[in-house]
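Quick notes on the structure that follows.
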Amino acid sequence: MNIDYNRTMEEIQKLKKEKNAVILAHYYAPDEAQDAADYIGDSFYLAKVAKETDADIIVFCGVKFMGESAKILNPNKKVLMPDTMADCPMAHMVTKEKIADMRKRYDDLAVVAYINSTADIKCVSDVCVTSSNALKIVRKLPNKNIFFVPDGNLGSYVRSQVPEKNVILNDGYCHVHHKMTAKRALMLKNEHPDALILSHPECRKEVLDISDYIGSTLGIINFAGESDKKEFIICTEKGVGYTLRKNNPDKVFYFDEEKFCVNMKMNTLDKVLNVLKTEENEVVIEDGVREKALSALDRMLELAK
Ligand code: 13P
Ligand code: SF4
């Protein structure tokens, strides 16, 4: 830890107090951003925090759809992104035209948008979900036909767990999780036979099929913390390793270290300080878009209760 790190952190803490700001960080954000954060969590937890906070400024160490969701849920707050280039490629892997076309094909269609989607896609969706509540929400929907967008892997997991619904898949994917293979996880398992495999549902079916636990980033963290086992092979972005190792110094976690989210890693400490100082990179959502997208997010918060 060098002097610049400490000085930057001190300045951040001071500015946070002066401006009544909070810092939210996803588990995939760099360790240093997690250190600076008031709240660290999975997408669902952070959306709830964003809705409920009474801070004037929210600095979101995540990717664009997270900042947008925070602004949609809490329009009177200033939401700042440390780096406006931090975006989730998967969020753009479905179009409004494709959704409109699917609606024409099925009378009774619910469009379920993974929160990893653009504000425009949320506007034409019936409900949002995250990886921690997708199963619960899809089960509760009255509709038989579900178009799950944009993540085909999470959609396929939902389809396998909720067989009473007709879950129609889209071909989007997260490039970080999609590149993880069962072969690689089994190689690690071969080296560490006592280890449990814990996976995020954005992984492909072949990985989920060999997993001992499947859940969101927070779900994985909770499961590992509560387990009696000492070793775990983690199939998700390596950023969660920071919290896993901090919470469980007696346990060992194995990752595929080469697979990481470059967008999440853009949230460096100097950029956090910069936006707190300058109040640049504010998330702006048009009113018309906000109202429509809010309805899908609010329905998620309601159905997830
Ligand atoms: P969760 O934190 O909801 O598990 O989401 C994972 C993810 O890919 C966020 O971009
Ligand atoms: Fe998107 Fe995948 Fe990065 Fe999450 S880890 S922000 S889904 S690219």
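What the sequence shown shows, in our numbering, is residues 24 to 328, in sequence order.
The C-beta atom is built at its ideal place from N, Cα and C for all residues, glycine as well.
Excluding five sequence positions before and after residue 146, the CB atoms of its chain that fall closer than 7 Å to its own CB belong to 312, 315, 316, given in chain order. Judged by pairs of C-beta atoms under 8 Å, the segment 119-128 does not touch the segment 206-221, as fewer than three such pairs exist.
Contact between the segment 181-200 and the segment 92-107 is not established, with fewer than three Cβ pairs separated by less than 8 Å. Residue 283 and residue 201 have their alpha carbons spaced roughly 11 Å apart. Short note on residue 65: C-beta closer than 7 Å to some heavy atom of ligand 1. With a cutoff of 7 Å, residue 86 counts as near ligand 1, since its C-beta is closer than that to a heavy atom of the ligand. Per DSSP, residue 49 is one residue of the beta strand (DSSP E) stretching across 44-49. Annotation for residue 268: 276 place their beta carbon closer than 7 Å to its own, counting only its chain and skipping 5 residues before and after.
Boundaries for residue 211: no beta strand (DSSP E) harbours it, while the alpha helix (DSSP H) harbouring it runs 205-214, taken from the DSSP string.
The residue from 117, 179, 189 with its alpha-carbon nearest to that of residue 129 is 189.
At least 8 Å separates the beta-carbon of residue 117 from that of residue 135. Taking residue 27 as reference, the option from 260, 296, 157 with the minimal CA-CA separation is 296. No heavy atom of ligand 2 is found nearer than 7 Å to the CB of residue 230. DSSP places residue 178 in the helix class (H, G or I) of the three-state scheme. Checking the 7 Å criterion, the Cβ of residue 186 is out of range of every heavy atom belonging to ligand 2. Going by beta carbons, residue 323 and residue 144 fall outside the 8 Å limit. Taking the CA atoms as reference points, residue 42 sits about 19 Å from residue 58.
When DSSP assignments are scanned along the segment 93-166, the uninterrupted stretches of alpha helix (DSSP H) that are 4 or more residues long and fall wholly within it turn out to be 119-128, 142-146, 157-163. A check of alpha carbon separations from residue 171 across 198, 138, 142, 199 identifies 138 as the nearest.
Judged by DSSP secondary structure, residue 254 falls within the beta strand (DSSP E) whose first and last residues are 254-258.
Under DSSP, residue 169 forms a beta bridge with 133, 190.
With respect to the C-alpha of residue 229, the residue from 179, 253, 213 having the closest C-alpha is 179.
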